[in-house]
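Below is one structure, written out as structure tokens; comments come after it.
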Amino acid sequence: MELVFRQHIRTEMDLHLTIHKTSNLLKDLGFPTIAVAKLSTSVSELGYNILKYAKEGYFNVEKINYPRLGVRVVAIDQGPGIEDIEAALQDSFSTSGTLGLGLPGVRRMMDEFNIKSEFGKGTEVSIVIYKS
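When we follow our numbering, the leftmost residue of the sequence shown carries the number 116, and every step to the right adds one.
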């Protein structure tokens with residue numbers, strides 16, 4: 116894997132810049148429009164979770180060359196963490212009064228989805244989308 120960029124997330128503007136940069140990366144690599152939309156939506160969801168729950172964090176965006184072309188995005192924060200990951204991955208689960216579709220939706224849209232969280236210490240979500 117090759118690190119393409121790292122973006123610190125403190126504000127919505129930082130998040131919008133990340134969405135823009137990841138979208139352009141996929142377009143430059145020849146990904147279909149639907150893949151660009153899926154990754155943009157996923158980065159948005161993960162970024163808003165960072166801003167809402169941790170106040171700040173960062174994204175690492177990596178290009179995957181082998182075994183096939185893809186992009187990996189890792190969202191990392193040192194926020195409160197997720198107490199019950201299994202519950203958080205169920206549709207309609209929310210600790211903040213939202214629809215609770217963010218993480219489950221991201222998991223459905225991506226080719227790979229991994230989450231690690233330690234309650235009280237932070238969360239790391241890794242997503243991968245491959246070129247079809």
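Think of the CB as a built atom: it goes at the ideal place given N, C-alpha and C, for glycine as much as any other residue. This structure is a prediction, so every number in the text was calculated from the model and none was measured.
Notebook entry, point to check: Buried or exposed: where does F174 fall if 16 or more other Cβ atoms within 10 Å of its Cβ makes it buried?
Noted result: In the assembly as shown, F174 is a buried residue. Its beta-carbon has 16 or more other beta-carbons within 10 Å.
Check: Roughly how many angstroms separate the alpha carbons of Y163 and L130, rounded to a whole number?
Finding: Each residue's Cα considered, the two are about 8 Å apart.
Item checked: Paired residues, beta bridge with S232 - DSSP -> DSSP lists T238 as the beta-bridge partner residues of S232.
Notebook entry, point to check: With a CB to CB cut of under 8 Å and the five nearest residues on each side skipped, what residues in its chain are close to E198?
Noted result: For E198, where only same-chain residues beyond five positions count, the Cβ hits under 8 Å are F234.
Item checked: Nearest-angstrom Cα separation, counted from I230 out to S159 -> So the alpha carbons of these two residues sit roughly 16 Å apart.
Margin query: Helix, strand or coil for G215? Go by DSSP, reduced to three states.
Written below: Unreliable placement is indicated for G215, whose pLDDT of 43 sits below 50; no coordinate value is reported for it.
Check: Going by Cα to Cα distance, which pick from S232, K236, L204 is closest to V221?
Finding: For V221, the nearest C-alpha among the options comes from L204.
Note to self: Tell me which residue opens and which closes the alpha helix (DSSP H) that L140 is part of.
What the structure shows: Annotation: the continuous alpha helix (DSSP H) that includes L140 extends over 127-143.
Notebook entry, point to check: Which residues mark the beginning and the end of the alpha helix (DSSP H) in which Y181 is found?
Noted result: That residue, Y181, is in no alpha helix (DSSP H); it is neither H nor E in DSSP.
Notebook entry, point to check: For L154, does the three-state DSSP call read helix, strand or coil?
Noted result: DSSP places L154 in helix when its eight states are reduced to three.
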